[in-house]
Amino acid sequence: MNKEKLTNNAATILSLIAIFGFLVWANSYASPYVIQILNITAIYIILSTSYNLVNGVTGQFSLGPNAFMAIGAYTSALLTLTPLEKEITYIIEPIVSPLGEISLPFLPSLLIAGVTASIVAFLIAFPVFRVRGDYLAIVTLGFGEIVRVFATNAVSITNGSLGLKGIKQYTNLWWSWGWAVVTVFCLIGLVESSYGRAMKAIREDETAAQAMGINTFRYKMLAFIISAFFQGIGGGLLAHLLTTIDPKLFSFFLTFNLLIMVVAGGLGSMTGSVIGAVIFAWGFEILRWFEEPHKIGDISIPAIPGMRMVIFSLLLILIMLFFRRGITGRWEFSWDSLFNVLGRKIKLPKTS
Amino acid sequence: MTNIMTIKNLTVRFDALEALSSLDMEVASGSIVGLIGPNGAGKTTVFNVLSGFIRPHEGSISFHGKEIARLKPYKITSLGMSRTFQNIRLFGELSVIENVMIGFHLSYNSMFLGPLLSLFGYKKIEKEIYERAIMLLDRTGLLNLIDEKASVLPYGLQRKLEIVRAIATRPKLLLLDEPAAGMNPNEKEDLMKFITKLRDKLALTILLIEHDMHVVMKICDRITVLDYGEKIAEGSPQDIKNNQRVIEAYLGEAGVAES
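Protein sequences, first through last, are from chains A and B. The opening residue of the first sequence carries number 0 in numbering that gives the first Met the number 0; numbering runs sequentially from there. The opening residue of the second sequence carries number 0 in numbering that gives the first Met the number 0; numbering runs sequentially from there.
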């Protein structure tokens, strides 16, 4: 028992070192293009796993992560921009007084972004969790729109539809992957604890969960708040990667993309969410091939802009046809299962 | 013997329909009480009110000296009342042991910030919950099934698992809604032994709804009979068997005349 635990911990540490090594290599040898996609991949992992906590683990069909990302992105960007930069950016209306003077380093800004998103999640949890199922989806969808409209119209806070420009590109591989690792570890810890089990109970049967003494409202709220925290962080990282943000960036389309990652990966499985995020980030880039002109033998195929969207949709349909519950289903990766598979393969020749 | 629960004047209406009309009932500590009556008599309504899923319009329920008539279900469970459901409600996608471990949740999760504060202590707590679940499953004879998905178990075992899961919340009063439904005679015999064993070993009080008269008459100390939301009889199994109103309610007056 103890030996198993030791090997598992060793395997975790080794794989973390391997990721670290890869990032060191990528940082100095990979092209800026690849580095950009690696950053996006990490941010997608943060977003999809935290989204999965609410939608997959707790079973509450929320459509509001774009709102929390927007809150996180704007909060962190407003905090890192210097007073002078803000003065130049806000050309329609000057920025409101306390925000205009504050300027903080990256890490506190990110943390405040996460906490702000959590506070908003706490407040809207009261109306949101009065309803269930489809209604909950509609309410959270509405909330996402409210945040977007607010960002467009509260010009003295968000600079309106012009958005914020000239945000420093603090996000690098260390920040993005560091947070991705922290997020995944925290969420897996949570899901495997008795708190996570209570959340799964709510997903399986809310009535029975109540009968087991679970305060279902509290646990739904807990999932929502924790999820919002990481979505806020993810939004902040994205803002400091793209360097410009505007309300259009945080439309419902963003939520929709996250939903694809989580559902195609396997709703309820953190492993699935990570796989979904990686496939989504890289899939879009790899499929660019279909948009370029090609010459196969005598046939020349012209460049078709937008073709990758068609192929991507087809792939999604195939995934949903053949893996109805996503790529991993509810299965979670564990070292034990990996060792078991490897062990079988090594032992097989001996026995036969 | 003292009463663990006293129900007074309990009334529930669904629009114009009076599902329960001023029910009075007492449950003695350590007894097995049967709640019977024809279909639609309001038996499950009584359970739903007791466990907090339906709010009564009038009346009071005193449980262990506490008034619980309008509390939320999770609150009532935390005070020591646990239930099963007529249509089994297991956490189907989760394994047998996870189902039971969720039952232990009450003993551990009290703080809202627990997961953050006990980030380092949670492995220890997890281990403790796991061991207690194993012990409970061992004593109830389900140990060989711990990793099975709850939804793939045969019907009788699902019923049993639901009872075990309810026990994991450490109740003083256990409400069983038709525990013998759909069981064959052998399974019913096992169930009866199981229920009496629970009462004796865990010092539980059990209130059960059941249609199978053989089961009810054999294990219940007292029986309450409902018909159209009203209590029509109460007493020992022998009293109930010979009660004219009960026979009428089950067979209809014409039926009584024929026999």
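The beta-carbon is built from N, C-alpha and C at its ideal position, and this holds for glycine as well.
Item                                                                                                                              : Value
Exposure label - residue 6/A; buried when at least 16 CB within 10 Å                                                              : exposed
Secondary structure, alpha helix (DSSP H): runs of 4+ residues fully inside the segment 228-273 of chain A                        : 251-264
Where residue 303/A falls, given that 16 or more other Cβ within 10 Å makes a residue buried                                      : exposed
Pairwise C-alpha distance: residue 163/B and residue 95/B                                                                         : 10 Å
Three-way DSSP call (helix, strand, coil) for residue 338/A in this model                                                         : helix
Neighbour list for residue 100/B in chain A, Cβ cutoff strictly below 9 Å                                                         : 193 and 196
Any chain A beta carbon closer than 7 Å to residue 73/B                                                                           : yes
Residue 237/A versus residue 170/A: straight-line alpha-carbon distance, rounded                                                  : 8 Å
DSSP state of residue 293/A mapped onto helix, strand, coil                                                                       : strand
Same chain only: Cβ atoms within 6 Å of residue 139/B, ignoring 5 sequence neighbours per side                                    : 163
Chain-ordered chain B contacts of residue 206/A [CB-CB under 9 Å]                                                                 : 52, 72, 84 and 88
Buried/exposed call for residue 101/B, threshold 16 Cβ in 10 Å                                                                    : buried
Residues in the segment 208-219 of chain A having any Cβ partner in chain B nearer than 8 Å                                       : 208, 209, 210, 211, 212, 213, 214, 215 and 217
Simplified DSSP state of residue 331/A, which is helix, strand or coil                                                            : coil
Sequence-distant residues of its chain with Cβ nearer than 7 Å to residue 187/B (five each side left out)                         : 179, 211 and 214
Reduced DSSP category for residue 24/B - H, G, I as helix; E, B as strand; rest coil                                              : strand
Three-state class that DSSP yields for residue 74/B in the structure shown                                                        : helix
Distance between beta carbons of residue 79/B and residue 265/B, contact taken as under 8 Å                                       : Residue coverage of chain B in this structure runs from 0 to 258, which leaves residue 265/B outside it and unanswerable.
Cβ pair residue 352/A, residue 88/A closer than 7 Å                                                                               : No answer is possible for residue 352/A: the residues shown for chain A start at 0 and end at 351.
Beta-carbon contacts of residue 2/B that lie in its chain and below 8 Å, excluding the five residues immediately before and after : 25, 26, 27 and 28
Proximity of residue 327/A and residue 270/A at Cβ, strictly below 7 Å                                                            : yes
Counterpart residues of residue 299/A in DSSP-defined beta bridges                                                                : 294/A
When 42/B, 67/B, 190/B and 155/B are compared against residue 19/B, the one with the closest alpha-carbon                         : 42/B
Minimum C-alpha distance to residue 169/B - residue among 99/B, 183/B, 221/B and 16/B                                             : 99/B
Partner residues on chain A for residue 76/B, Cβ-Cβ distance less than 9 Å                                                        : 209, 210, 211, 212 and 213
Within-7 Å CB hit, residue 190/B to chain A                                                                                       : no
Proximity below 7 Å, CB of residue 57/B to CB of residue 10/B                                                                     : yes
Classification of residue 362/A by the beta-carbon crowding that lies within 10 angstroms, buried from 16 upward                  : Because chain A spans 0 through 351 in this model, residue 362/A falls outside it and cannot be assessed.
Residue 176/B - DSSP class collapsed to helix/strand/coil                                                                         : strand
Where the segment 119-136 of chain B meets chain A: residues whose CB sits under 9 Å from a CB there                              : 121, 122, 124, 125 and 128
Contact with chain A by residue 204/B, beta-carbon distance below 7 Å                                                             : no
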